[in-house]
Amino acid sequence: MAATEGATATAQAAAEAAGAATTDAPSDLGEPTVIADGVHVVYRVRGAAGRSGGGGPAALMRALTRRKGGGGGGAREVHAVKGVSFVARRGEAIGVIGSNGSGKSTLLRAVAGLIPPERGQVYTSGQPSLLGVNAALMNELPGERNVVLGCLAMGMTPAEVRERYDDIVDFSGINDKGDFISLPMRTYSSGMAARLRFAIAAARDHDVLLIDEALATGDRAFRKRSEKRIKELREKAGTVFLVSHSNKTIRDTCDRALWMERGELIMDGTAAEVVDAYEEANGD
Amino acid sequence: MSSSPSSARAAAPADADPVPDAPRAPEAAGLAELAARHGLAPSGKRPPLGRYLTALWRHRHFVDAFARARASAKYSKANLGRLWEVGTPLLNAAVYYLIFGLLLQTDRGVEDFIPFLVTGVFVFTFTQQTVLAGVRAISGNLGLIRALHFPRAALPISLALVQMRQMLVTMGVLLVIVMATGQVPQWNWLLAVPVLLLQSLFNTGLALVFARAGAKVSDLAQLMPFVLRTWMYASGVMYSISVMAASAPAPVRFILDVNPAAVYIDLMRFSLIESFTASEMPPHAWWLAAGWAVAVLIGGFVYFWKAEESYGRD
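Quick mapping for you: the protein sequence lines, in order, are chains A and B.
Heads up: the first sequence is residues 1 to 284, going by my numbering.
Heads up: the second sequence is residues 1001 to 1314, going by my numbering.
Right, dumping it as structure tokens:
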């Protein structure tokens, strides 16, 4: 079943597709917040063949030959997302699953507007916020300053930041083992940094929040807190996308799931159905 | 909308649930329509200029906090910490005095050479450091840009603000040096305020221009120090243009005179040094200073905004 048109894979998905195309969405479905309309994403990787190889002369040769080749030589194209369509609505938490390199993260980056689609279009209400593991804030600054700057960058006023500061620090759990919040972020473990970033981003209500593996690095207590926060965001009519390799997290947190493989959306349905099918296909 | 989606849509029974195995095209047209109906906008689209300015104003606290954070992080690993805000311009002045005052003796035809030279060095350094910070404003903050949404112009403006605050400290050092070399404080010194203001606007515009350029062409960060050094040598920092270029052909003289760096330097000298009179300044210096400031700030802002959606993309 995992090989055909995504929207027709299950009855549930078919209902979704039908809802997408009618004028008046059924009343049990919220307003759409993200619409992906036949999205294709193509990466152009420059100097894909051993970019770091050789020294200065080799780099010069590459630069010269590229100029001569008229741009066709050095760049390699990677077709990372191939014609994905879906409609996400208010109050939905959507898990995105698939093997490594299947285009999950790329899809989220396209939704966030960080990569322009080659073909097709992503429509969003408001500005989606993407939270990834490698989204470093300012490493040379202490955690506390990152909290303040991150909140101000999200458009909060200084008064709002003061009001929420303690909650953010508590949520991140950074200070559970001593006063780490005053240390520069470069001294944090990757788990601590990811927790703090999530805590900052989750401090504001988002129309669309995209989470790329950010919860994987947290410990059990933190995962519990984040799952609770995701539920709250959904109740406030936000839409949450969650990329995760933990099928349990998807089952527990999401009500719908998208299964991506080799850049194509091969299944769109309830989280339980899609995760079951995914586990079956992978022989778990 | 083009005609093909609407005709495809008319082919399907209007507003009835399409059958699940309907062809792909009508459904795709439906999605674009659905998006339009619910007021969804294409993701990552640049906001119009007016809305962009409003958003930037809403982020003014971020601009300020980011500038403070950057300034405090800059010397956080040095033992003397922020004492370097005073130490750096002092050492800078000392080095230029050693080379150009004592070794090369470029002080020909210049009275009060020490304040002349130090003013030139400090004023040029202000612009130079702002440009260098601007080049890395986007490329050096990709993590922040990719994680959070805010008007990207906040970054180059914030980095320009860091340099403005540094320039206030530097001006204190400059005034001490100028007084130590025998200049007496005068009302004329107040002219330094509008000069600094205009130069700050000019610098902010430059930071915006180079932020966009540096985001596109990463090699610019390597190239800019050389461009800036050439600019410095052409700006009369350590010699008097009116003496050196007295017999230069008119077009060369014109370019040397309208050079904004030279204009701001000479206006600052005019404000602070008694023996530096209006006759040594390029003609219409104040108008040039104001014109450059307004033109570069507005032009730079619009230029930066035009690529707003591309920052942070690979």
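Backbone N, C-alpha and C define an ideal beta-carbon position, used for all residues, glycine too.
As the structure is a prediction and not an experimental result, all values here were calculated from the model.
Residue 1309 of chain B has a beta carbon lying within less than 8 Å of a beta carbon in chain A. If you keep only unbroken beta strand (DSSP E) runs of at least 3 residues inside the segment 204–273 of chain A, you get 208–212, 239–243, 256–261, 264–270.
Proximity to residue 91 of chain A across A/246, A/163, A/30, A/276 peaks at A/30, based on C-alpha coordinates. In the structure shown, residue 142 of chain A falls within a strand segment according to DSSP collapsed to helix, strand and coil. For residue 77 of chain A, the uninterrupted beta strand (DSSP E) segment begins and ends at 76–89.
In this chain, residue 127 of chain A is not harboured by any alpha helix (DSSP H), its DSSP state being neither H nor E. By the neighbour-count criterion, in which a residue is buried when 16 or more other Cβ atoms sit within 10 angstroms of its Cβ, residue 97 of chain A is buried. It is roughly 14 Å from the alpha-carbon of residue 1076 of chain B to the alpha-carbon of residue 1067 of chain B. Shown here is that no member of the segment 1222–1244 of chain B has a Cβ falling below 7 Å from a Cβ of chain A. Residue-level contact by beta carbon fails for residue 260 of chain A and chain B, as no gap is shorter than 8 Å.
Residue pairing for residue 184 of chain A: DSSP places it in a beta bridge opposite A/142.
By a beta-carbon distance limit of 8 Å, residue 1043 of chain B does not contact residue 240 of chain A. Their separation comes to about 16 Å. For residue 94 of chain A, the three-state secondary structure derived from DSSP is strand. Within the segment 1039–1052 of chain B, the residues whose Cβ lies closer than 9 Å to some Cβ of chain A are 1039, 1040, 1041, 1042, 1043, 1044, 1045, listed in chain order. Excluding the 5 residues flanking it on each side, residue 229 of chain A has same chain C-beta neighbours closer than 8 Å at 171, 202, in chain order.
The beta carbon of residue 1073 of chain B sits closer than 8 Å to some beta carbon of chain A. The segment 1228–1239 of chain B and the segment 1256–1276 of chain B touch, with no fewer than 3 CB-CB distances between them shorter than 8 Å. Pairing residue 1157 of chain B with residue 1312 of chain B gives a Cβ-Cβ distance that is not under 8 Å. DSSP places residue 1197 of chain B inside the alpha helix (DSSP H), whose first and last residues are 1192–1216. Between the alpha carbons of residue 1270 of chain B and residue 1277 of chain B lies a distance of about 6 Å.
Beyond the five residues adjoining it in sequence on each side, residue 1305 of chain B comes within less than 8 Å, by CB distance, of 1046, 1049, 1052, 1153 in the same chain, given in chain order. In terms of beta-carbon proximity, residue 1275 of chain B stays away from the interface with chain A, with every pair separated by 8 Å or more. Taking the Cα of residue 111 of chain A as reference, the smallest distance to any Cα among A/236, A/274, A/40, A/152 is reached at A/40. By the Cβ rule, the segment 1196–1215 of chain B counts as touching the segment 1290–1304 of chain B, because three or more pairs are nearer than 8 Å. For residue 106 of chain A, the enclosing alpha helix (DSSP H) begins and ends at 104–111. Look at residue 1312 of chain B: its C-beta is under 8 Å from a C-beta on chain A. The beta carbon of residue 1218 of chain B lies closer than 8 Å to those of 1139 in the same chain, with the five residues before and after it left out. As DSSP reads the structure, residue 40 of chain A sits in a beta bridge with A/119.
Contact annotation for residue 1140 of chain B against chain A: no contact, minimum CB-CB distance about 10 Å [criterion: below 9 Å]. For residue 239 of chain A, no Cβ of chain B is located within less than 8 Å of the residue's own Cβ. For the segment 1227–1299 of chain B, there is no continuous beta strand (DSSP E) assignment of 3+ residues that stays within its boundaries. Rounded to the nearest whole angstrom, the CA to CA distance from residue 1114 of chain B to residue 1300 of chain B is 34 Å. For residue 103 of chain A, the closest of A/115, A/80, A/85 by C-alpha to C-alpha distance is A/80. Annotated as distal: residue 1266 of chain B and residue 1251 of chain B, with beta-carbon spacing of 8 Å or more. Here DSSP, grouped into helix, strand and coil, assigns residue 1145 of chain B to helix.
Under DSSP, no beta-bridge partner is assigned to residue 1078 of chain B.
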